[in-house]
Each structure stands twice: as structure tokens, then as C-alpha cells.
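**Student:** Note that my numbering gives residue 195 to position 122 of the sequence shown, counting from 1, and the numbers run on in steps of one. Note that CB positions come from ideal geometry on N, CA and C, so glycine has one too. Model, not experiment: these values are computed from the prediction.
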Amino acid sequence: MEELPETGAPSAASGHEPVDDLRAAGERIEALLDASSAHGAVARERSEELVRLVADLYGAGLERVLDVLYDAGRLDAEALDALAADDLVASLLMVHGLHPHDVTTRVERALEEVRPYLGSHGGDVELLGVSDEGVVRLRLLGSCDGCASSSVTLKLAVEGAVEAAAPEVTGIEVDTSSSESDASGGTVIPVSALRTRLTSPADPSAEASGGWEPLPEFGLGSGEVRACSVAGVAVAVMRIGSDLYAYRDECPRCHGSVAGTKLERRLGGAVGDAVLRCPGCRAHYDVRHAGASLDADAADTHPAHLSPLPLLVRDGATLVAVPRVVDGAVSA
Numbered sequence: 074m075e076e077l078p079e080t081g082a083p084s085a086a087s088g089h090e091p092v093d094d095l096r097a098a099g100e101r102i103e104a105l106l107d108a109s110s111a112h113g114a115v116a117r118e119r120s121e122e123l124v125r126l127v128a129d130l131y132g133a134g135l136e137r138v139l140d141v142l143y144d145a146g147r148l149d150a151e152a153l154d155a156l157a158a159d160d161l162v163a164s165l166l167m168v169h170g171l172h173p174h175d176v177t178t179r180v181e182r183a184l185e186e187v188r189p190y191l192g193s194h195g196g197d198v199e200l201l202g203v204s205d206e207g208v209v210r211l212r213l214l215g216s217c218d219g220c221a222s223s224s225v226t227l228k229l230a231v232e233g234a235v236e237a238a239a240p241e242v243t244g245i246e247v248d249t250s251s252s253e254s255d256a257s258g259g260t261v262i263p264v265s266a267l268r269t270r271l272t273s274p275a276d277p278s279a280e281a282s283g284g285w286e287p288l289p290e291f292g293l294g295s296g297e298v299r300a301c302s303v304a305g306v307a308v309a310v311m312r313i314g315s316d317l318y319a320y321r322d323e324c325p326r327c328h329g330s331v332a333g334t335k336l337e338r339r340l341g342g343a344v345g346d347a348v349l350r351c352p353g354c355r356a357h358y359d360v361r362h363a364g365a366s367l368d369a370d371a372a373d374t375h376p377a378h379l380s381p382l383p384l385l386v387r388d389g390a391t392l393v394a395v396p397r398v399v400d401g402a403v404s405a
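1. Out of S380, Y358, A239, V348, which has the shortest C-alpha to C-alpha gap to D322?
2. Round the Cβ separation of V208 and T243 to the nearest angstrom and send it over; I've been treating them as touching at under 8 Å.
3. Round the Cβ separation of D197 and R210 to the nearest angstrom and send it over; I've been treating them as touching at under 8 Å.
4. Looking at V393 and E286, is the spacing between their C-beta atoms short of 7 Å?
5. Expressed to the nearest angstrom, what Euclidean distance is found between the alpha-carbon atoms of A418 and R312?
6. Near V319, what residues of its chain come up, given a Cβ to Cβ distance below 6 Å and the 5 sequence neighbours on each side ignored?
7. So which of D159, A104, R182, Y190 has the shortest CA-CA distance to V386?
8. Determine the burial state of G433: buried for a count of at least 16 other Cβ atoms within 10 Å of its Cβ, exposed for fewer.
9. Under 6 Å Cβ to Cβ from A304, same chain only, skipping five residues before and after it: list those, please.
10. Determine the extent of the beta strand (DSSP E) in which D359 is found, giving its start and end residues.
11. Skipping 5 residues on each side, what residues in its chain have a beta carbon closer than 8 Å to that of T269?
12. DSSP three-state call for D140: helix, strand or coil?
13. Which residues does DSSP pair with T391 in a beta bridge?
14. Considering only C-alpha positions, which residue in the set S315, A300, A238 is nearest to A157?
15. According to DSSP, E286 sits in a beta bridge with which residue or residues?
16. With DSSP run on the structure shown, which of helix, strand or coil describes T269?
17. DSSP puts C301 in a beta bridge; with which residues?
18. Go through its chain and collect everything with a Cβ distance to E181's Cβ below 8 Å, but skip five positions before and after it.
19. Measure the Cβ-Cβ separation of A116 and S109 and say whether it is below 7 Å.
20. Where G294 and L336 are concerned, what is the direct C-alpha to C-alpha distance, given to the nearest angstrom?
21. What's the call for A234, buried or exposed, on a 16-neighbour Cβ count within 10 Å?
22. Taking its Cβ as the centre, do 16 or more other Cβ atoms sit within 10 Å of G389, making it buried, or is it exposed?
23. Taking just the CA atoms, how far does L317 sit from A347?
24. Any idea if Y358 is buried or exposed, counting beta-carbon neighbours within 10 angstroms, 16 or more meaning buried?
25. Determine, using beta carbons only, whether A158 comes closer than 7 Å to chain B.
26. Could you have a look at A365 and say whether DSSP puts it in helix, strand or coil?
27. Quick check on L213: buried or exposed, where buried means 16 or more other Cβ atoms within 10 Å of its Cβ?
28. Measure the alpha-carbon distance for C301 versus T391 and round it to whole angstroms.
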């Protein structure tokens, strides 16, 4: 008899967060279904039918609970918002088509999560709409528009947040037209490509791949720069006031570490202005504006810039989006 995958079923005493338990349960179900395939197609079909029937049963029960609360006058806007704000409950509501917020509202709220990061770099993102086919149309604004690192920002921050909040989205379109241009639309990125970026082998030609990882906790004073390793990627973390910034720990000019220095303020610069000067080659970069080079001249069409890494705060933990490491090298 074939041995089934070892159970990782969560328990009340495990100390795991509910959302982590839900993900673990989903992975366990997939593992059991895969194991049942070893006994033939019929066994697989019966296992899948069992999962569907159980899911439908609990979905019907969840819908009945909401109906009872509504009939009792307890399902007001405040209660619905509380249910939608709980990741575990919201996931179950989405699975059964019971989520109180439509896809546009959920996408907009997801974008609110990444706006602090974009705003810290002088950028923003605008939701243009969601088509009937489930394609989300976005426009990057401010320093994100045309920024050399905007593709990384889009893949690792914006797209990840949208996919998590609205799994029914089929694609994300970035509007590259400017206010002065009549050009329409941008490239549609299939959601399947977003899901595989965390699991598929990296393509050397890909713009970015990787995922969210917890950032080590260490006290940083304003103006300090410190290096750390996250999932095999060298990361430079710096603080300006209460704002944290993360970049790959590599100067694009000399390829040395940028840690071990202090952020500086330009002569006559505004409050909060921050310049990182590479301790190796003395190149200057604007920390608040996606690491743009401050040494480039007008003739430099492709100026060097630091590579920003998106940061998000979820459940009190700071997460950093890092690219994939392949054979010891970071995929770009």
C-alpha cells in the first residue's frame, strides 16, 4: 500500500496563524488528491468529487449563517466589513461566492496596501477599471511612471496584492499612455504568469521573479543603512524618519555594497531629502525616488540606479519582495 504524504494538519495548540493553517490545509488536500491519482483515474475523480461535496456543504452552511444574521438585523455594513477584513473568513467567502465586496472594491483596497510603499518613492498607482472579462487596468503614476524599476514594482508589489485580494482576476493591464498621448492600453499580464513566478524555474530573460519574505528585525536610526541577507539576496535597508526603504545591496556602478554609510541631505534640500553615497565609488543615489542616480547627465539615456525592493507591513511584520536566486545569482 502506498504511503500517503505525512500529515501537516494544523491543531489548536500549534500556534499557527489561521491564514497559514488555511494554506497548509489547502496544500494537504492537494497532496492527498495527488496521492489518490496513483490508484487510477477513477480514484482521483472520486476524491475530487468528495472534496467538492464537502466544500458545497460547508458553503451552503456559511450562506445560511449569513442569511440568519441578515434576518436578525445583525448583518450590517460594520459586520460585513469586519468579516471581509479577516483573511481567513474572507478567503472562505470568496471561495463560495459570498464575499460582500465586489472585485473592484477588493482591488482598490489591495492597492491601498501598496500605496505607502509607492508613495515613499514618490509614486502611486491608479485603478482605471475592471473589465467584464476580469482584466484589471492600472496606471503607474509619479516616479513609477517610466521608472527603470517599475516592472519590478509591478510584479512583486502591485500584482501580488491584486491577485491575493481578487483571485478571480484573469489578467492585469498596465496603461502606458500619457495624458498627452492617444495611445491606448498596455500589455496584459495573465494571472497564471503571476502564480507561476513563485514556483517555476526562473527564466534568465525574465524581468523579475520571487516572492515575499520577512525582513529581519533590527533597530535602525534615521539615516542609517544596514545590510542583511533575505532568501539568499543581499538587501540594504535604510530608514528616513519613520519610513523604511529596501534596495539590493549593490552599487550599479562599482558593484560593491552600499551599506556601512549614512544617508545625507543635499545642500538646500527639503526636510526628508535623503541621498545615499556609495562608500566605494562615491556615486550618489536618491533614496526617496527609487534610487535614481544623481550623477547622470542629460546625455546619459540609461543612467545607473539602485534596484528597489518593495516593502509591505502585514500583521505587524515587515515583508520584502525579493527576486529569485538561481545558481547563486539573482535573476534580474
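**Tutor:** According to the structure data:
1. As a first step, residue 322 is located in the sequence shown; it is residue number 249 there, counting from the start. Out of S380, Y358, A239, V348, the CA that lies nearest to the CA of D322 is found in S380.
2. Here residue 208 refers to the residue found at position 135 of the sequence shown. Here residue 243 refers to the residue found at position 170 of the sequence shown. A Cβ-Cβ distance of about 6 Å is found for the pair V208 and T243, placing them in contact under the 8 Å criterion.
3. For the purposes of this step, residue 197 is identified with residue 124 of the sequence shown, where counting begins at 1. For the purposes of this step, residue 210 is identified with residue 137 of the sequence shown, where counting begins at 1. With a contact defined as Cβ atoms closer than 8 Å, D197 and R210 miss out at about 15 Å.
4. As a working note, residue 286 is residue 213 in the sequence shown. As a working note, residue 393 is residue 320 in the sequence shown. Yes, these two residues count as a Cβ contact at 7 Å.
5. There is no way to answer for residue 418, as the model of the chain reaches only from 74 to 405.
6. Position 246 of the sequence shown, counting from 1, holds the residue named residue 319. It should be pointed out that residue 319 corresponds to Ala in this sequence rather than to Val. Within the same chain, V308, V310, L382, L384, V393 come within 6 Å of A319 by CB-CB distance, once the 5 residues on both sides are set aside.
7. Working through the sequence shown from its first residue, we reach residue 386 at position 313. When only C-alpha atoms are compared, the closest one is Y190.
8. Examination of residue 433 is not possible in this model, given that the chain is present from 74 through 405 alone.
9. Here residue 304 corresponds to residue number 231 of the sequence shown, with the count starting at 1. Correct list, in chain order: E286, V395.
10. One-based indexing of the sequence shown puts residue 359 at position 286. Following the DSSP letters along the chain, one finds D359 inside the beta strand (DSSP E) bounded by residues 357–359.
11. On the sequence shown, residue 269 is found 196 positions in, with the first residue counted as 1. For T269, the predicted model reports a pLDDT of 32, less than 50, meaning its position is unreliable; a value from the coordinates is still stated below. Closer than 8 Å at the Cβ level, and outside the excluded window around T269, lies no residue.
12. Position 67 of the sequence shown, counting from 1, holds the residue named residue 140. Secondary structure at D140: helix, using DSSP grouped into helix, strand and coil.
13. To locate residue 391, count along the sequence shown from 1; it is residue 318. T391 is bridged by DSSP to V386.
14. Within the sequence shown, numbered from 1, the residue matching residue 157 stands at position 84. Nearest C-alpha to A157 among S315, A300, A238: A238.
15. Residue numbering aside, residue 286 sits at position 213 when the sequence shown is read from its first letter. The bridge partners DSSP lists for E286 are V393.
16. Here residue 269 refers to the residue found at position 196 of the sequence shown. Residue confidence is low: T269 scores 32 on pLDDT, short of 50, so the model does not pin down where it sits. Its coordinate-derived value is still stated next. Here T269 sits in helix by DSSP.
17. For this step, residue 301 is matched to residue 228 along the sequence shown. Bridge partners of C301 according to DSSP: V308.
18. Along the sequence shown, read from residue 1 onward, the residue named residue 181 stands at position 108. Cβ contact annotation for E181 (same chain, cutoff 8 Å, sequence separation greater than five): L200, in chain order.
19. As a first step, residue 116 is located in the sequence shown; it is residue number 43 there, counting from the start. As a first step, residue 109 is located in the sequence shown; it is residue number 36 there, counting from the start. Closer than 7 Å, so yes.
20. Reading the sequence shown from its first residue, position 221 is the one you call residue 294. Reading the sequence shown from its first residue, position 263 is the one you call residue 336. The alpha-carbon of G294 is positioned some 11 Å away from that of L336.
21. Locating residue 234 in the sequence shown gives position 161, where the first residue counts as 1. So A234 counts as buried.
22. For this step, residue 389 is matched to residue 316 along the sequence shown. Exposed, since its Cβ has fewer than 16 Cβ neighbours within 10 Å.
23. As a first step, residue 347 is located in the sequence shown; it is residue number 274 there, counting from the start. As a first step, residue 317 is located in the sequence shown; it is residue number 244 there, counting from the start. Using only the alpha carbons, I get a separation of about 12 Å.
24. To locate residue 358, count along the sequence shown from 1; it is residue 285. When all chains shown are included, Y358 counts as buried.
25. In the displayed structure, chain B is absent; only one protein chain is listed.
26. The residue you call residue 365 lines up with position 292 of the sequence shown. Looking at A365 - three-state DSSP - the assignment turns out to be strand.
27. For the purposes of this step, residue 213 is taken as residue 140 along the sequence shown, with counting starting at 1. The residue in question, L213, is buried, as its Cβ has 16 or more Cβ neighbours within 10 Å.
28. In the sequence shown, counting from the first residue as 1, residue 301 sits at position 228. In the sequence shown, counting from the first residue as 1, residue 391 sits at position 318. In a straight line, the C-alpha of C301 is about 14 Å away from that of T391.
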